[in-house]
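Student: Before I ask anything, let me first share the structure, which is written out below as structure tokens.
2 protein chains.
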Amino acid sequence: MTEPTKIDKRQHIVETAYELFKRAGFHATGIDRIIAEAGVAKMTMYRHFPSKDDLMVEVLTYRAGRFERQLDRLAEQAATPERKIGLIFDRYGRWFNSADFHGCLFAHALAEFGDPAHPVFQAAARQKNGLKRRMRLILEEMIPADEADSVSAALLMLIEGATLTARMGQPDPAIRDARKAAMAILAARRRSQ
Amino acid sequence: MTEPTKIDKRQHIVETAYELFKRAGFHATGIDRIIAEAGVAKMTMYRHFPSKDDLMVEVLTYRAGRFERQLDRLAEQAATPERKIGLIFDRYGRWFNSADFHGCLFAHALAEFGDPAHPVFQAAARQKNGLKRRMRLILEEMIPADEADSVSAALLMLIEGATLTARMGQPDPAIRDARKAAMAILAARRRSQ
DNA sequence: GCATAAATAGACAGACCTGTCTCACCACTT
DNA sequence: AAGTGGTGAGACAGGTCTGTCTATTTATGC
């Protein structure tokens, strides 16, 4: 076994913190827990991240990056805007049913850090805006830009609401109803073209 | 000025805790802060509520009751299901623009307490189910029961997503886009009747 | 007026929190 | 071989958390 390099160790801390934040929340997860789980010394963590805030922002930014890359890959796998949006909803449906589904980390960050000026709030908001932006770009191939903005906002709402509903224990009806509603909204716009 | 009675004092604690939980979150609000703000002794609080968990459940239950009474009053002020749903969305729009809008306390509770077995989680989930149930009953005057269930789920998702979007700083587009999407969903069902 | 109950202020325990610091160790480079 | 920088283990400070307890005062009912 090769020794982990500096970058590996930093990344290992980020991924360990991610798992803990996801399961227990941000406030409820202490530094001591993170370093114990990651198997690193406290000073190692504080060398890479000056404060817990910085670590939380890094975790959110890292996961947002992964998420957006997956989203972009998904959009390439379908031809029409409807199908692309459909694939996004399908992906959410599989996530809702996955073994370690614990709700949306970004939504939880927004809930726990209510101050819009807080860096954690802003990092979480960036992910939501990135998702909306990607859906808007998909929709602009289909409807005018201003309508695409409005529809992408509605689709984001359905996704966020579905995630919350799935969290409350009904993952299958959640994604089914959200998908049905999304397709109804798209059909209405298509018809009014 | 009359002195507050026993019930008044208990209720005063609940309402003070509500304000603090709403602004700063559940974990971030300590008992000491609550009793200082309420102007009561610590033992007074612990006499009424054996633990912080009990107080949080009481706050959520109290607010859910108020919310549902307002919802029921709202439903009486319109004749058709569409108008009733419209009034609910209007009410959310006014809330988004109110001075002390800090997002949905129940959604925040679900985010902070991820364990579905936790009493706080369950108390918050009850409010969401209550809202969905009321919308479903309204819709059952218009479409079959199974469709009403699906549509009310979608409307709940739009409301939750709109609340999150409003929280991120766009209250007016949030309620406008949510309302537009809701009406499109209702129109599609009406048409397929 | 007197007894009972409730409320007050505050100390206190024990645990946890973030963040700093020390010191020893180990791997690698020059 | 000596130095350098990252790391581990853990003590530590200073603060906060929930929840308990005591001692005193206030309010209420009979």
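So the sequence lines, in the order shown, correspond to chains R and U.
In terms of this note's numbering, the first sequence opens at residue 1 and continues consecutively.
In terms of this note's numbering, the second sequence opens at residue 1001 and continues consecutively.
The beta carbon of each residue, even a glycine, is placed where N, CA and C say it ideally should be.
If you follow the alpha helix (DSSP H) that R/GLN127 is in, where does it begin and where does it stop?
Tutor: On the first sequence, position 127 is the one that residue 127 of chain R refers to. 119 to 139 is the extent of the alpha helix (DSSP H) around R/GLN127.
Student: At a Cβ threshold of 7 Å, is U/GLY1030 touching chain R?
Tutor: To locate residue 1030 of chain U, count along the second sequence from 1; it is residue 30. By this cut-off, U/GLY1030 is not an interface position.
Student: What do you get for R/ARG191, buried or exposed, if any count of 16 or more other CB atoms within 10 angstroms of its CB means buried?
Tutor: As a working mapping, residue 191 of chain R is identified with position 191 in the first sequence. Classification for R/ARG191: exposed.
Student: Let me confirm a value: U/ALA1182 is counted as buried when at least 16 other C-beta atoms fall within 10 Å, else exposed. Which label applies?
Tutor: Indexing the second sequence from 1 puts residue 1182 of chain U at position 182. So U/ALA1182 counts as buried.
Student: Quick check: R/PRO171 and R/PHE96, are their CB atoms within less than 7 Å of each other?
Tutor: The count along the first sequence starts at 1 and reaches residue 171 of chain R at position 171. The count along the first sequence starts at 1 and reaches residue 96 of chain R at position 96. Yes, these two residues count as a Cβ contact at 7 Å.
Student: On the three-state DSSP scale, how would you describe R/GLU3?
Tutor: Here residue 3 of chain R refers to the residue found at position 3 when the first sequence is read from its first residue. Reliability fails at R/GLU3, whose pLDDT of 39 lies under 50, so the model's placement of it is uncertain and no value is given.
Student: Check the Cβ of R/PRO119 against every Cβ in chain U and list those closer than 9 Å, keeping chain order.
Tutor: For this step, residue 119 of chain R is matched to residue 119 along the first sequence. Within chain U, no residue comes near R/PRO119; the closest Cβ sits about 15 Å away, beyond 9 Å.
Student: How long is the line joining the alpha carbons of R/ALA153 and U/LEU1087, rounded to whole angstroms?
Tutor: Indexing the first sequence from 1 puts residue 153 of chain R at position 153. Indexing the second sequence from 1 puts residue 1087 of chain U at position 87. The alpha-carbon atoms of R/ALA153 and U/LEU1087 are separated by roughly 21 Å.
Student: Going by DSSP in three states, U/ILE1031 sits in which element: helix, strand or coil?
Tutor: Mapped onto the second sequence, residue 1031 of chain U falls at position 31. In the structure shown, U/ILE1031 sits in a helix (DSSP, three-state: H, G or I).
Student: Is R/ASP72 close to chain U, meaning its C-beta is less than 7 Å from at least one C-beta of that chain?
Tutor: Here the question's residue 72 of chain R lines up with position 72 in the first sequence. So, not an interface residue.
Student: Might you give, ordered along the chain, the residues of its own chain that have their beta carbon closer than 7 Å to the beta carbon of U/ARG1023, omitting 5 neighbours on each side?
Tutor: Residue numbering aside, residue 1023 of chain U sits at position 23 when the second sequence is read from its first letter. Hits under 7 Å: HIS1102.
Student: So, helix, strand or coil for R/VAL40, using DSSP?
Tutor: Residue numbering aside, residue 40 of chain R sits at position 40 when the first sequence is read from its first letter. Coil.
Student: In three-state terms, what does DSSP make of R/GLU82?
Tutor: On the first sequence, residue 82 of chain R is found 82 positions in, with the first residue counted as 1. Note: R/GLU82 maps to helix in three-state DSSP.
Student: In the DSSP assignment, the alpha helix (DSSP H) including U/HIS1108 goes from what residue to what residue?
Tutor: Residue 1108 of chain U sits at position 108 when you count from the first residue of the second sequence. Run containing U/HIS1108: 1105 to 1112, per the alpha helix (DSSP H) assignment.
Student: Which residues in chain U have a C-beta closer than 9 Å to the C-beta of R/THR165? List them in chain order.
Tutor: Locating residue 165 of chain R in the first sequence gives position 165, where the first residue counts as 1. Those are LYS1128, LYS1132, ALA1153, LEU1156, MET1157, GLU1160, listed as they occur along chain U.
Student: For R/ILE143, name the three-state secondary structure that DSSP assigns.
Tutor: For the purposes of this step, residue 143 of chain R is taken as residue 143 along the first sequence, with counting starting at 1. The answer is coil: DSSP assigns R/ILE143 none of H, G, I, E or B.
Student: Listing by chain order, which chain U residues have their CB less than 8 Å from the CB of R/ILE185?
Tutor: Position 185 of the first sequence, counting from 1, holds the residue named residue 185 of chain R. Near R/ILE185 (Cβ distances below 8 Å), the residues of chain U are ALA1181, ALA1184, ILE1185.
Student: How about U/PRO1116 and U/ASP1053: do their beta carbons lie closer than 7 Å?
Tutor: Here residue 1116 of chain U is taken as the residue at index 116 of the second sequence, counted from 1. Here residue 1053 of chain U is taken as the residue at index 53 of the second sequence, counted from 1. No; because the gap between Cβ atoms is not below 7 Å, this pair is not in contact.
Student: Using a Cβ-Cβ cut-off of 6 Å (strictly less than) and excluding sequence neighbours within five positions of R/MET142, which residues of its own chain qualify?
Tutor: Against the first sequence, residue 142 of chain R aligns to sequence position 142. PRO81.
Student: Let me check understanding here. Comparing Cα to Cα, which of R/PHE113, R/ARG94, R/GLY130 lies closest to R/ILE175?
Tutor: Counted from its first residue, the first sequence places residue 175 of chain R at position 175. When each option's Cα is compared against that of R/ILE175, the closest is R/ARG94.
Student: According to DSSP, simplified to helix, strand and coil, what is R/HIS102?
Tutor: Taking the first sequence and counting its residues from 1, one reaches residue 102 of chain R at position 102. Coil, per DSSP.
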